[in-house]
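Read the structure below first, then the notes.
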Amino acid sequence: MDDVLESLFNRFINYAGIFKDREVLRHDYLPNQLPHREDQIRHVGEIVAPLLKGCRCSNLFIYGKTGTGKTAVTKYVLRKLILKAEEIGVKINALYINCRFAGTEYRILSQLCEGLGANVPFTGLALSEVFDRFRDTLEFNKTLLLVVLDEIDALVKAKGDNILYELTRINETLTKSRVSIIGISNDLRFKEWLDPRVLSSLSEEELVFRPYNASELKDILAERAKLAFVEGALTEGALSLCAALAAAEHGDARRAIDLLRVAAEIAERKGDSKILEKHIREAEKRIEHDRVAYAVKNLPLHSKLVLHSVYLLARANVNNAITGDIYEVYMELCDEIGITPLTQRRISSIISELDSVGLLNARVVSLGRYGRTKKIRLGINRMVIREVFSNDGRLGSLVNYEPKCLARPPNHRH
DNA sequence: TGTCCACTGGAACGTACGGCTT
DNA sequence: AAGCCGTACGTTCCAGTGGACA
1 MDDVLESLFN
11 RFINYAGIFK
21 DREVLRHDYL
31 PNQLPHREDQ
41 IRHVGEIVAP
51 LLKGCRCSNL
61 FIYGKTGTGK
71 TAVTKYVLRK
81 LILKAEEIGV
91 KINALYINCR
101 FAGTEYRILS
111 QLCEGLGANV
121 PFTGLALSEV
131 FDRFRDTLEF
141 NKTLLLVVLD
151 EIDALVKAKG
161 DNILYELTRI
171 NETLTKSRVS
181 IIGISNDLRF
191 KEWLDPRVLS
201 SLSEEELVFR
211 PYNASELKDI
221 LAERAKLAFV
231 EGALTEGALS
241 LCAALAAAEH
251 GDARRAIDLL
261 RVAAEIAERK
271 GDSKILEKHI
281 REAEKRIEHD
291 RVAYAVKNLP
301 LHSKLVLHSV
311 YLLARANVNN
321 AITGDIYEVY
331 MELCDEIGIT
341 PLTQRRISSI
351 ISELDSVGLL
361 NARVVSLGRY
371 GRTKKIRLGI
381 NRMVIREVFS
391 NDGRLGSLVN
401 YEPKCLARPP
411 NHRH
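Quick note: the first sequence uses the numbering used here, first residue 1, plus one each step.
The structure is reproduced here in structure tokens:
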């Protein structure tokens, strides 16, 4: 027994852990090296360089999928730009705003004001008033302002491009200051949402970020791993696998880094001193599981009920349920928890929505004599649904529900 | 060959709500 | 505080339909 404890304690004492610096793997960490983005860095640098001579720079529009380094490159260049400007004594303000977090025009404008040192209440003022204050502060400061609007597509899709129109035109009313804009979009077809006038002025310059391939991702991960992990903690096999998995899925560097971080946490928890391929695979499963569970948990009530109906049918071995079957079960569930069911037309739409996010698989089929409908199966693991709904206060009681309509003989099922 | 099922999916319209505007 | 407007979410209505079956 002494031997067992002795070795256990020794192992604990000698376990160096895996992480040297966790921060390095966070989303908002900005590395000093951005491998395979040298061209983009140079390009953005060339565009903003005129600011250092006191001139306005061209507006720039950057687009590319998530995790291709758009935000990192922009922030990287901005950081260097500000340092250089301070060094040579030129007054430049660079404000970074994430439109998805800011959400509304008002909040974006108030953040801009704040960044310039003007006080604006977080609510209460008319939009036009905030805009006036922004312009006045800008004029008063006599500065060159570079505004970075990240995830600009989220804003425009939700609220329209009005604020962009105002911002692109603001220079016409300024005499002592100048504003340039860098817009960053994840959506490549985002242009279609913009008014032609806004588009032409916003995209004086354009830059597209291609996804990373597996070998590029490998370099990025290796670079990051050097800082994040103790020497030798990441095996070559795990690194390659991690890069390959992320490359297969749109070359998203953020996903790749997430994968690495979760794998490292799994290895750490198990007391392993190395990150192995099996840890990466487990991490992949965990991330996917969490993503699905999160999506299910945040569904609106009726969508949950529809999904749950499909689950109950699947559990009773009805794997190719049709719309009518699902609606029957759904109505029972509504009755069970005492809410009024929606119409079948609406449920048909909800089924299509769930299909488009991948929680269900639905396809339209014709059953000839027996009409035209959709055949529907679950698109995700049954256990995830069970798990999420068990913990759902309102729906928990339905997890083991036996649909009455299943007791009756089915009229026709294929 | 025509019939007819069990829907699909478009369209118009009703209602609630949040946030801007006055 | 009250009106206004856009959006989200539903309802009602209905024309359209692929193909098994008589």
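Every residue gets a Cβ at the ideal spot worked out from N, C-alpha and C, and that includes glycine.
Cβ pair residue i, residue j closer than 8 Å
i, j, result
"Leu-81", "Ile-92", "yes"
"Leu-138", "Ser-177", "yes"
"Leu-439", "Ala-256", "An answer regarding residue 439 cannot be provided, because it is not within the stretch 1 to 414 covered by the chain."
"Ala-321", "Lys-274", "no"
"Gly-45", "Phe-209", "no"
"Asp-252", "Thr-66", "yes"
"His-302", "Val-384", "no"
"Leu-307", "Val-296", "yes"
"Leu-416", "Tyr-401", "As displayed, the chain neither begins before 1 nor continues past 414, which places residue 416 out of reach and without an answer."
"Leu-360", "Ile-351", "yes"
"Ala-283", "Ala-247", "no"
"Lys-230", "Ala-293", "First, the amino acid is wrong: residue 230 is Val here, not Lys. Cβ distance not < 8 Å, so Val-230 and Ala-293 don't count as in contact."
"Leu-260", "Leu-25", "yes"
"Ala-207", "His-36", "The sequence shown places Leu at residue 207, not Ala. No, they are not a contact pair."
"Glu-105", "Asn-162", "yes"
"Ala-228", "Arg-22", "yes"
"Leu-144", "Arg-56", "yes"
"Glu-277", "Gly-237", "yes"
"Leu-398", "Glu-328", "no"
"Glu-204", "Asn-59", "yes"
"Asp-136", "Ser-185", "no"
"Leu-378", "Tyr-311", "yes"
"Leu-239", "Lys-226", "no"
"Asp-258", "Ile-287", "yes"
"Leu-30", "Ala-85", "no"
"Val-130", "Leu-109", "yes"
"Glu-268", "Phe-19", "yes"
"Phe-190", "Tyr-370", "no"
"His-27", "Arg-224", "no"
Delimiting residues of the alpha helix (DSSP H) encompassing residue i
i, result
"Lys-218", "214 to 228"
"Ser-240", "236 to 248"
"Leu-360", "Premise fails: Leu-360 lies in the beta strand (DSSP E), 360 to 366, not in any alpha helix (DSSP H)."
"Ser-356", "344 to 356"
"Ser-397", "Unbroken run through Ser-397: none, as it is neither H nor E."
"Arg-197", "196 to 202"
Coil, strand or helix - residue i by DSSP
i, result
"Ile-380", "coil"
"Ile-182", "strand"
"Thr-104", "coil"
"Ile-339", "coil"
"Lys-84", "helix"
"Thr-173", "helix"
"Arg-189", "coil"
"Arg-372", "strand"
"His-412", "Confidence is the limiting factor: at His-412 the pLDDT is only 45, short of 50, which leaves the residue's position unreliable, though a coordinate-based value still follows. Three-state DSSP puts His-412 in coil, outside helix and strand."
"Gly-232", "coil"
"Asn-391", "coil"
Delimiting residues of the beta strand (DSSP E) encompassing residue i
i, result
"Ala-407", "Unbroken run through Ala-407: none, as it is neither H nor E."
"Asp-150", "144 to 150"
"Tyr-165", "Careful: Tyr-165 lies outside any beta strand (DSSP E), inside the alpha helix (DSSP H) at 162 to 169."
"Leu-95", "92 to 98"
"Glu-205", "205 to 209"
Integer Cβ distance of residue i from residue j, believed to fall under 8 Å
i, j, result
"Ser-180", "Leu-202", "Incorrect: roughly 11 Å between the Cβ atoms, too far for contact."
"Leu-112", "Phe-140", "Not confirmed; about 14 Å, so no contact."
"Arg-291", "Arg-382", "Actually they do not touch by this definition, with Cβ atoms about 17 Å apart."
"Val-90", "Leu-116", "Between Leu-116 and Val-90 the Cβ distance is about 17 Å, and since that is not below 8 Å, they are no contact."
"Lys-418", "Thr-323", "Not covered by the structure: residue 418. The range shown for the chain is 1 to 414."
"Cys-99", "Leu-188", "Actually they are not in contact, since the Cβ atoms of Cys-99 and Leu-188 sit about 17 Å apart, beyond 8 Å."
"His-250", "Pro-211", "5 Å"
The ligand NAP heavy atom lying under 7 Å from the CB of residue i
i, result
"Asp-335", "Ligands are entirely absent from the displayed structure, and the ligand NAP is therefore not among its contents."
_Runs of alpha helix (DSSP H) lying entirely within the region 37 to 80, each at least 4 residues, in chain order_ = 38 to 48
Quick check on the DSSP output: what are the complete alpha helix (DSSP H) runs of length 4 or more inside the region 256 to 330, in order along the chain?
277 to 297 and 301 to 315
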